[in-house]
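This report refers to the structure that appears directly beneath it.
Number of protein chains: 2
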Amino acid sequence: MEAKNTGEKSMVIFQPSGRRGYVEKGRTLKEASVALGVDIEGICSEKAICGKCKVRVEEGIFEKYGIESSRDHLSPMGPSERKFISLQQEQAGYRLACQAHVLDNIVIFVPEESRMGKQVVRKAASEIRIDLKPAVKKYYVELTPATLEDPRGDWERLEAGLENGHGLKGLTIDYQVLVTLQEVVRLGEWKVTVSVWKAGEVIKVEPGETKKGYGLAVDIGTTTVAGYLCDLTDGSLVATASMMNPQVVYGEDVMSRISYTITHPEGLEQMNRAILDGLNGTIEEAAALAGIMRTDIVDMTIVANTCMHHLFLNIDPRNIGRSPFPPALHHSIDVKARDVGIKIARGGYIHVLPIEAGFVGADNVGVLIAERPYSQESIELIIDIGTNGELVLGNRQRLISSSCATGPAFEGAEIRYGMRAAPGAIEKIVIDRDTKEVRFKIINQEDWNTELKEVGAKGICGSGIIDVVPQLFLAGIIDRTGRFNKELKSPRYREANGQPEFVIAWAHETSIGQDIVICQDDVRAIQLAKGAMYAGAKIMMGALGVEKIDKVILAGAFGSYIDKVSAALLGLFPDCELDNIYSVGNAAGDGARMALLNTDKRQEADEIARQVQYLELTLEPSFNKAFAQAMWIPNMKDKFPHLAHLLPEDRKDG
Amino acid sequence: MEAKNTGEKSMVIFQPSGRRGYVEKGRTLKEASVALGVDIEGICSEKAICGKCKVRVEEGIFEKYGIESSRDHLSPMGPSERKFISLQQEQAGYRLACQAHVLDNIVIFVPEESRMGKQVVRKAASEIRIDLKPAVKKYYVELTPATLEDPRGDWERLEAGLENGHGLKGLTIDYQVLVTLQEVVRLGEWKVTVSVWKAGEVIKVEPGETKKGYGLAVDIGTTTVAGYLCDLTDGSLVATASMMNPQVVYGEDVMSRISYTITHPEGLEQMNRAILDGLNGTIEEAAALAGIMRTDIVDMTIVANTCMHHLFLNIDPRNIGRSPFPPALHHSIDVKARDVGIKIARGGYIHVLPIEAGFVGADNVGVLIAERPYSQESIELIIDIGTNGELVLGNRQRLISSSCATGPAFEGAEIRYGMRAAPGAIEKIVIDRDTKEVRFKIINQEDWNTELKEVGAKGICGSGIIDVVPQLFLAGIIDRTGRFNKELKSPRYREANGQPEFVIAWAHETSIGQDIVICQDDVRAIQLAKGAMYAGAKIMMGALGVEKIDKVILAGAFGSYIDKVSAALLGLFPDCELDNIYSVGNAAGDGARMALLNTDKRQEADEIARQVQYLELTLEPSFNKAFAQAMWIPNMKDKFPHLAHLLPEDRKDG
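Those protein sequences? They're chains D and U, same order as listed. So the number in this note's numbering is just where the residue sits in the first sequence, counting from 1, plus 443. So the number in this note's numbering is just where the residue sits in the second sequence, counting from 1, plus 443.
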């Protein structure tokens, strides 16, 4: 899209959502955000009293949008606004959205704290049952005070207490913990609680007796980051905190972030800083929700795709972006949180789970240890849907994995009215086959649009996007190839902007004052994403030598919200009995939690990461043909006996 | 000394030497330094052309001297001076000594780089023979480049190379090394040299093949710090660098530094910063001398007394200053250099040797592993002379240690014309018994004063101080109690400032234009220092149940320069056969070097530190009496059969 300065209007782009459009010059950023369906917090009716609508100007040339963004593209700051903006914030480009008027094209970042209605945590934590065997355990020790007859060092005294009272031998102590040991020991009047990592290193000493210890499992997705704060003494989940990955402003998918590091000398550092700052905020948030301090967190596990893994560790990801795609490391690694820049307990470690191959990352390993296909006899296909899609196929005999760049369509990006899973998002869509009328459900609302007085839709999120294509297809609005039926007689069908589109929500049903539509380009984007997944699965079946799939596991940021029948009808994967398709939610996050709570799971992860065989789909000569066929709905050639009863007459052959 | 502002003159105190005196107002600092015998660099004849005479104003109330020091006690900075002083330096209080005029009382710190004629490295390294078994070894590895068929991670590739080529298994890699691994591997075109710590952790990776690896052994003394840069591949000493301990400005001995941390909230941080900055400078200097980079240093060992040990590790030393004197830790510890703030190879460790007891520190452990009294049958007394004196007595059956606060007299401080071992220092003194004429030798000069045309003495350093008292005694100038003989007829003897004094060097033999004398207070200070040592040894003999000492080892910063007969005659230790007295130099530093070159020595140090029994002399009821007797020369009551032939007639009984 080439943005032109029309004289009367300016382009305003809001990050991280990517929502953009032209607004009249002189409008406030807050007005622009309302017009473009972007939620910015504010409770003072734009009177510069609450200070909650802080946003930040992103500066530079945004070639992708053909515009330049600069602070002086906004009106100057007045005294009422300045009250809320510290000098430091001013230097960073912060403004109040309700006070800053648009003078020219501009890119605005809306920080998490200014986003109204926090994102619905789609990376919800499922119930997991696992034996407790955490890396960090706590021990209460009463020391004998130093005397002239026994003037041993504080550390030797503590060592003796840990050995005599708890049988722990040969421990070391973290240097930073040692530095404050004397003070803590005396503050606790010679009674302390010691956190020991892997029965080998003292990583925290607290005065007196404290029973609880906490750990944080983190799933760093390309688009979404989720943190699960767990009580290491009983395994319970005490808080969940999530955020958009702040790196989104540097590129929406893995490849564009890799490109950013190549084209910008400071790119790696910027993105590393962004995820660390974001995670430290998430840590504070999770701790606050649980009523603890961040320093009460004594252990962490991380799963992430290979690129996010590298960016988190401040390792240049460029080599995983070009053949032969070698990562800097595959193995799991334990690093001191402070070495990386993460603010938990001073001596705490982070366990980063292993990577399988170039593009099959630690997040997929998390899925594996959560789902354990390697313990099954039946042939399982695990699909982890994110901005990058990962596939695992096999059973206890053999497992193969692959990766396909689905793009962010399933996360609501690159779809005209796509949005993240937040209040106002359409998450479920049903189209009547005869009347072509649309029923939809909005996140956090019990009833369907047809039963509500005020609907207030803002866009369509991932699960709605997966619903919509099969619904359009079953209603005959698009054909098997995804092409709109131009003969269709429905007030919802029309052509606009040079392509057909179908209205999902009428303007009066929305809070953005415009019709929410699905256009031909949207359908194509969804077809490309699902086709890549399907073709990948097909190639893997060939490689493994299996004719059919016994079981399908749908995992991902919004996995538990995907309608498995919609996914099957869309043709996200080859035919499978419907009863054997499971939506398991964020299995990667579950795996991270399991590894947090039980170190045996870390070992299991290390082993399975080495065993899974990676298949580079782009090297397979038959991929392109399979991909082309898989663009069709559900597929050009393949049969779907288990869907036959659901498909229209002309596709009854499956 | 209460300093008064005389109206015409101001007190100028130079640190770290402590030299002080009144100079006329309006004199430059350079002129003041010449008058007071302080060496400040400068090659432009005070024309503000060379900029080499940078000094720093120490601000605050100096209660000890009864003066206040402030930057505006100097003339303002002019343009010719400002050329050489950066803004940062100006903020830190730097001035050019040749341009700043004294307006009022002032305390000036002369940084090492501005001191003319660097200190003679008294902590000279002796030849040591030891099997090589360093903690860090280097391995050359040729990797197979990544291909699509073998896209393993760089680290896994390196792991395989280390296992296949060198049999190293289960290694980890330092996080910071991992971060740059990809770049290094590609820079070296898949050929790298890997430094592995304790056969367990990769701490450095270099492109291509490099054979040499370096380590630094450091002895942090209260007054002097010495670094020994060694080649870890052949054990050779490649450079020695030493400096005054920059903490001297915060207190001249251990107790005053502990007090400083108690009375100043930022005291610990200031002193820790001072020693770290100093050590980082020493590292740069040693590396430059050897023609290597500081990052070529992959390992370090540290010995230090307990207080210096704590200050180095940024651990509050206050508890070792008060009963029951427990340190924060006794054991040796391995810490990442970067965690402490020391700048060597990014992933390198520092091994800090263990402490024996409250005041018997890792420096004494260094002496022990160098001298190995625990392998001997004969009863050995080891005296480590520093600002704090440590004693070890025993043999293979049992070893006991103790510590006595000798004060800095033997290092030249608290003696009116005392100075550190630097050019111009009198290091040897002989007084003719009949004529009372004085012959002396100056450091770095072959001939005695009587044979030189230009003498240029500036003061007396430690070995001269140990010579002077027995010489005064043997010549009948002082008696057995240390009192000057007021009947003495000699032009060198006089009373001044209310006490007797004896001229060692006439003003015309000096470069400071004044007579260099030893006064009654000086003799008393030396008696106190030596008496404490002697009494300690005596108490220890009682505790060990031995009547006589078979062997005496004199160690210390200037140990190898001490005349053993002078030390015996002074009564630094009980009677011993003269042939069995050895000056071994800086044995603590030797021990640090041995531990650097052979990890078995680290283990030996850990074992011996646990075995040596510490005797707290201040708790021994008989100490005071022994101390009083030991103030006499050589002792009030004890016999010295091995010295009988050297003592005057009336002391022939020994």
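Think of the CB as a built atom: it goes at the ideal place given N, C-alpha and C, for glycine as much as any other residue.
Excluding the 5 residues preceding and the 5 following Glu467 of chain D in the sequence, name in chain order all residues of the same chain whose CB lies nearer than 7 Å to its CB.
Closer than 7 Å at Cβ, skipping near neighbours: Glu451, Lys452.
Can you pull out the residues from the region 583–598 of chain D whose beta carbon lies closer than 9 Å to at least one beta carbon of chain U?
Correct list: Pro588, Ala589, Thr590, Leu591, Glu592, Asp593, Pro594, Arg595, Gly596, Asp597, Trp598.
From which residue to which residue does the alpha helix (DSSP H) around Ser518 of chain D run?
From DSSP, Ser518 of chain D is part of no alpha helix (DSSP H); its letter is neither H nor E.
Within 10 Å of its beta-carbon, does Lys1095 of chain D have 16 or more other beta-carbons around it, so buried, or fewer, so exposed?
With a pLDDT of only 48 at Lys1095 of chain D, under the threshold of 50, the placement of this residue in the model should not be trusted; the figure read from the coordinates follows. When all chains shown are included, Lys1095 of chain D counts as exposed.
What is the C-beta distance between Ile663 of chain D and Ile745 of chain D, in whole angstroms, given that I count them as a contact (C-beta under 8 Å)?
Right, their Cβ atoms sit about 7 Å apart.
Check each candidate in D:Leu971, D:Gly985, D:Ser954 and name the one with the smallest Cα separation from Leu1013 of chain D.
Ranking the options by Cα distance to Leu1013 of chain D, first place goes to D:Leu971.
State the DSSP-derived secondary structure class of Lys561 of chain U, mapped to helix, strand or coil.
Residue placement at Lys561 of chain U is poorly supported in this model, since its pLDDT is 46, which falls under 50; the coordinates still yield a value, given next. Residue state, collapsed to three classes: coil.
So with CB distances below 7 Å, who are the chain D contacts of Ala800 of chain U?
Residues of chain D passing the Cβ test: Pro594.
Work out the CA separation of Asp922 of chain U and Glu990 of chain U for me, nearest whole Å.
Cα-Cα distance, rounded: 27 Å.
Give the straight-line distance between the Cα atoms of Pro767 of chain D and His774 of chain D, rounded to the nearest whole angstrom.
When rounded, the distance between both Cα atoms is 18 Å.
Counting only the same chain and skipping the five closest in sequence on each side, list residues whose C-beta sits under 8 Å from that of Ala1035 of chain U.
Correct list, in chain order: Ala660, Val661, Asp662, Tyr671, Thr744, Ile745, Val746, Leu796, Gly809.
Please report the straight-line C-alpha distance between Ala1054 of chain U and Ile798 of chain U, rounded to a whole angstrom.
Sequence check: residue 1054 of chain U is Gln here, not Ala. Roughly 11 Å separates the two Cα atoms.
Can you list, in chain order, the residues of its chain with a C-beta nearer than 6 Å to that of Pro913 of chain D? Leave out the 5 residues immediately preceding and following it.
Counting only Cβ-Cβ distances below 6 Å, and skipping sequence neighbours, we find Ser1009, Leu1012, Leu1013.
Looking at the C-beta of Ser766 of chain D, does it have a partner C-beta in chain U at a distance below 9 Å?
Answer yes: the Cβ-Cβ gap between Ser766 of chain D and chain U drops below 9 Å somewhere.
Contact criterion: CB-CB distance below 9 Å. Does Tyr1057 of chain U meet it with respect to chain D?
At least one chain D Cβ lies under 9 Å of Tyr1057 of chain U.
Compare the C-alpha of Gln963 of chain U against each of U:Gly656, U:Ala980, U:Gly925 and name the closest.
Comparing Cα positions, the closest option is U:Gly925.
Does Ala446 of chain D come out as helix, strand or coil in the three-state DSSP assignment?
Here the model assigns Ala446 of chain D a pLDDT of 42, short of 50, so the residue's position is not dependable, and the following value carries that caveat. Ala446 of chain D: coil per DSSP, three-state reduction.
Three or more beta-carbon pairs under 8 Å between the region 472–480 of chain U and the region 536–546 of chain U, yes or no?
The answer is yes - the region 536–546 of chain U touches the region 472–480 of chain U, with three or more Cβ pairs under 8 Å.
Go to Leu732 of chain D, then tell me how far its alpha helix (DSSP H) extends in each direction, as first and last residue.
Residues 710–733.
At a Cβ threshold of 9 Å, is Gly832 of chain D touching chain U?
Chain U contact via Cβ: absent.
Going along the chain, which unbroken runs of the alpha helix (DSSP H) with 4 or more residues stay wholly within the region 781–821 of chain D?
The qualifying runs are 805–814.
Are Ala813 of chain U and Asp1033 of chain U touching if we call contact CB-CB under 9 Å?
Yes.
Could you tell me the distance, in whole angstroms, from the CA atom of Leu586 of chain U to the CA atom of Gly651 of chain U?
C-alpha separation (whole angstroms): 11 Å.
Whose C-beta lies closer than 7 Å to the C-beta of Val628 of chain U among residues of the same chain, with five residues either side of it excluded?
Closer than 7 Å at Cβ, skipping near neighbours: Leu586, Asp597, Val635.
Would you verify that the beta carbon of Val645 of chain U is, or is not, closer than 9 Å to some beta carbon of chain D?
Val645 of chain U does not count as touching chain D.
What are the residues that DSSP puts in a beta bridge with Pro943 of chain U?
Paired residue(s): U:Glu938.
Along chain U, which residues have their Cβ under 9 Å away from the Cβ of Ile758 of chain D?
Simply Leu621, Val622, Thr623, Leu624, Gln625.
Please go through the same chain and pick out, in chain order, the residues whose beta-carbon is closer than 6 Å to the beta-carbon of Gly464 of chain U, but skip the five residues on each side of it.
If we look at Gly464 of chain U and ignore the five residues flanking it on each side, its Cβ neighbours are Leu479.
In this structure, how does DSSP classify Cys847 of chain D when only helix, strand and coil are distinguished?
Three-state DSSP puts Cys847 of chain D in a strand.
Can you name the residues of chain U whose CB is closer than 7 Å to the CB of Asn762 of chain D?
Ordered by position in chain U, the residues that pass the 7 Å Cβ test against Asn762 of chain D are Gln625.
What residues from the region 770–791 of chain U come within 9 Å of chain D, judged by C-beta to C-beta, listed N to C?
Cβ contacts with chain D: Pro770, Ala771, Leu772, His773, His774, Ile776, Asp777, Val778, Lys779, Arg781, Asp782, Val783.
From Leu605 of chain D to Thr1042 of chain U, what does the alpha carbon distance come to, in whole angstroms?
Going by the C-alpha atoms only, they are around 27 Å apart.
Work out the CA separation of Gly613 of chain U and Glu626 of chain U for me, nearest whole Å.
Roughly 23 Å separates the two Cα atoms.
Quick one: any contact between the region 857–867 of chain U and the region 900–911 of chain U, if contact means 3 or more CB pairs under 8 Å?
Yes, the region 857–867 of chain U touches the region 900–911 of chain U.
Kindly indicate if chain D contains any beta-carbon less than 9 Å away from that of Arg600 of chain U.
Taking Cβ atoms only, chain D reaches closer than 9 Å to Arg600 of chain U, which makes this a yes.
Three or more C-beta pairs under 8 Å: does that hold for the region 1065–1077 of chain U against the region 831–845 of chain U?
Counting Cβ pairs under 8 Å, fewer than three are found: no touch.
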